[in-house]
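Structure first, then comments.
There are 2 protein chains.
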Amino acid sequence: MVICIHRKFRNPPLPNPLTYDAVMPPTETRLPLNRERIIDAAVTYADDNGVEELSMRKLGAELGVEAMSLYNHVKNKDDIFDGMIDRVFASVPLPAIDAEWTTAIRETVLKAMDQFTAHPWMVNLLMQRGNYGNSSLLFMDRALGLLRNAGFSDEDTHHAWQMLASHTMGYAFQMVSGGPKDKDWEGIEGQLADLAEDYPNVARLAPYLGDCEFAGEFAFGLEIIIDGLNARLH
Amino acid sequence: MVICIHRKFRNPPLPNPLTYDAVMPPTETRLPLNRERIIDAAVTYADDNGVEELSMRKLGAELGVEAMSLYNHVKNKDDIFDGMIDRVFASVPLPAIDAEWTTAIRETVLKAMDQFTAHPWMVNLLMQRGNYGNSSLLFMDRALGLLRNAGFSDEDTHHAWQMLASHTMGYAFQMVSGGPKDKDWEGIEGQLADLAEDYPNVARLAPYLGDCEFAGEFAFGLEIIIDGLNARLH
DNA sequence: ACCTGAACACCGTTCAAGT
DNA sequence: ACCTGAACACCGTTCAAGT
Numbered sequence: 001m002v003i004c005i006h007r008k009f010r011n012p013p014l015p016n017p018l019t020y021d022a023v024m025p026p027t028e029t030r031l032p033l034n035r036e037r038i039i040d041a042a043v044t045y046a047d048d049n050g051v052e053e054l055s056m057r058k059l060g061a062e063l064g065v066e067a068m069s070l071y072n073h074v075k076n077k078d079d080i081f082d083g084m085i086d087r088v089f090a091s092v093p094l095p096a097i098d099a100e101w102t103t104a105i106r107e108t109v110l111k112a113m114d115q116f117t118a119h120p121w122m123v124n125l126l127m128q129r130g131n132y133g134n135s136s137l138l139f140m141d142r143a144l145g146l147l148r149n150a151g152f153s154d155e156d157t158h159h160a161w162q163m164l165a166s167h168t169m170g171y172a173f174q175m176v177s178g179g180p181k182d183k184d185w186e187g188i189e190g191q192l193a194d195l196a197e198d199y200p201n202v203a204r205l206a207p208y209l210g211d212c213e214f215a216g217e218f219a220f221g222l223e224i225i226i227d228g229l230n231a232r233l234h
Numbered sequence: 001m002v003i004c005i006h007r008k009f010r011n012p013p014l015p016n017p018l019t020y021d022a023v024m025p026p027t028e029t030r031l032p033l034n035r036e037r038i039i040d041a042a043v044t045y046a047d048d049n050g051v052e053e054l055s056m057r058k059l060g061a062e063l064g065v066e067a068m069s070l071y072n073h074v075k076n077k078d079d080i081f082d083g084m085i086d087r088v089f090a091s092v093p094l095p096a097i098d099a100e101w102t103t104a105i106r107e108t109v110l111k112a113m114d115q116f117t118a119h120p121w122m123v124n125l126l127m128q129r130g131n132y133g134n135s136s137l138l139f140m141d142r143a144l145g146l147l148r149n150a151g152f153s154d155e156d157t158h159h160a161w162q163m164l165a166s167h168t169m170g171y172a173f174q175m176v177s178g179g180p181k182d183k184d185w186e187g188i189e190g191q192l193a194d195l196a197e198d199y200p201n202v203a204r205l206a207p208y209l210g211d212c213e214f215a216g217e218f219a220f221g222l223e224i225i226i227d228g229l230n231a232r233l234h
């Protein structure tokens, strides 16, 4: 959760005013608003409540400020979204550019997926905003360099990266789009049982679709892709 | 574009009232509103203007009706979204369940991709709504049956399908998320030239990233995946 | 049965006004 | 320089009222 000192001055005093005054004297605890704090709060809020719940007014409240104040530090809501995307990309460790490519790319892709699952709104934002921030460019540059150094041609480097990115985004997508939103899974499963004669294969594979132990699935496909690319390299 | 007869009665008369009266006598041309017509209009509107532009009020206007009338035939906006998704899935030809699996699955996946590119909003909606409508279930059931009949175990069938679906959604995703939205491509390319020393690999591969002849890319990866899956089958 | 206007509780964003 | 209140032009959705 975002720690919001500012806000406390607008609310009733804390249970123990002595500790309160001692720990945070009003004048210096009022840390100034800035872009970084806004992005931080937005990421946290989206993690906790979903991006679709994020609004300028709520974000302002979270920071103890009116919505309109945000516009002094941020261009608009899309700018905040771009900042959130960049923040996530910045948290993915960059691949060593001259390592053995199969293990290095596997590691990198798995780390990226970790971040995408940790921030389920990421894939959504990426789709509507694109990914041309500094962090994403740097990340991409390193990955391309790794593939190039491994011996892929320019064209095949692009092919390989596109394929790895698609696999990653595709799985992240499936994870996020997950289940039906409004209807409960109970209803769906009951429906599946009822309609087993209409969709026999879906019904039989429902257990796999349901629990969907995700990491294993993703790694399975990743190996096939890496193997295929490696075969084409030699 | 949606043909909207109803609306004409709220607007100034057509240039030639004689033809007008002859062709469409007011009483019977007023085709009643229903779910299907609403979904139709929504698909067309989203194709033309993007989903983010679609609102109940605009959709109503498109149909010559107030926004509130829509609620007589549709639960809410999400219900419309679900209808749109189902409509697209219904337009993908189902795979023959007992054909040779590699050619059949390739054909099916490519046809699905055709629809995803024809309706760029599809991937977006799918992500926020899930895909458990009748058409998508039927489509999925056939695909799973095809893989099962080819000899895959239940578990491998699920793996294979998940992988193919991820590849498809991932590429569709990349296509949709395409370029940066606000900033113009000019600016980005100029920036890339300026920052060639920061992102040398991105800069060198920019031509591939830019034009991105999409279908070839997608097919390239699809072959690798099909080959890999086939190897694991035998 | 179907459509409507008015209303409610929200949005993102602008702008003049405050300190 | 930073924050604010009021306002604007939009949302999705409900509901009582019309036919």
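Protein sequences, first through last, are from chains V and S.
If you count by the numbering used here, then the first sequence holds residues 1 to 234, one letter each, in order.
If you count by the numbering used here, then the second sequence holds residues 1 to 234, one letter each, in order.
All C-beta atoms, glycine included, are put in the ideal place defined by N, C-alpha and C.
Keep in mind the model is a prediction, meaning the values are calculated, not measured.
In chain order, what residues of the same chain have a beta carbon less than 7 angstroms from the beta carbon of residue i, not counting five sequence neighbours either side?
i	result
A22(V)	Unreliable positioning characterises A22(V) in this predicted model, as indicated by a pLDDT of 35, which lies under 50. A coordinate reading is not provided.
V74(V)	R35, I38, I80
N149(S)	I97, D98
Give the DSSP-derived three-state secondary structure of residue i in the structure shown.
i	result
G228(S)	helix
G221(S)	helix
Y199(V)	coil
G130(S)	coil
L233(V)	helix
S91(V)	coil
C4(V)	Legend: pLDDT at C4(V) = 26, less than 50; position of this residue unreliable, value from coordinates given subsequently. Coil at C4(V), not helix or strand.
H158(V)	helix
W101(V)	helix
F214(V)	helix
E66(S)	coil
A172(S)	helix
N49(S)	helix
A96(S)	coil
K111(S)	helix
S153(V)	coil
P207(V)	helix
H73(S)	coil
H119(V)	coil
Are any of the Cβ atoms in chain S nearer than 9 angstroms to that of residue i?
i	result
L138(V)	yes
D154(V)	yes
D227(V)	yes
V109(V)	no
F116(V)	no
Y171(V)	yes
E52(V)	yes
M24(V)	Reliability fails at M24(V), whose pLDDT of 39 lies under 50, so the model's placement of it is uncertain and no value is given.
Does any residue of chain V have a CB that is nearer than 9 angstroms to the CB of residue i?
i	result
V123(S)	yes
D48(S)	no
R232(S)	yes
Y208(S)	yes
G221(S)	yes
R106(S)	no
L246(S)	The requested residue 246(S) does not occur in the structure, where chain S is confined to residues 1 to 234.
Using CA coordinates, which residue listed in the options is at the minimum distance from residue i?
i	options	result
L138(S)	H158(S), V109(S), L94(S), Y171(S)	L94(S)
G221(V)	R204(V), A165(V), V176(V)	A165(V)
G60(S)	Y45(S), D82(S), L146(S)	Y45(S)
E223(V)	T103(V), D82(V), E197(V), V65(V)	T103(V)
D40(S)	A67(S), G83(S), F218(S)	G83(S)
I105(S)	L229(S), A143(S), A90(S)	A143(S)
Y199(S)	V65(V), G170(V), G133(V)	G133(V)
I232(V)	M140(V), R204(V), Y71(V), L147(V)	For the sequence presented, residue 232(V) should be read as Arg rather than Ile. Measuring from the Cα of R232(V), the nearest candidate turns out to be L147(V).
E52(S)	V109(S), M68(S), Q128(S)	Q128(S)
A42(S)	E107(S), D78(S), S135(S)	D78(S)
F173(V)	H158(S), A160(S), L195(S), G130(S)	G130(S)
Under 6 angstroms Cβ to Cβ from residue i, same chain only, skipping five residues before and after it: list those, please.
i	result
V176(V)	P120, V123
Under the criterion of a Cβ to heavy atom distance below 8 angstroms, does residue i qualify as lining the ligand GTP?
i	result
D79(S)	Absent from the structure shown: the ligand GTP. Ligands present: none.
Which residues in the same chain have their Cβ closer than 8 angstroms to the Cβ of residue i, if we skip the five residues on either side of it in sequence?
i	result
Y171(V)	M113, F214, E217, F218, G221
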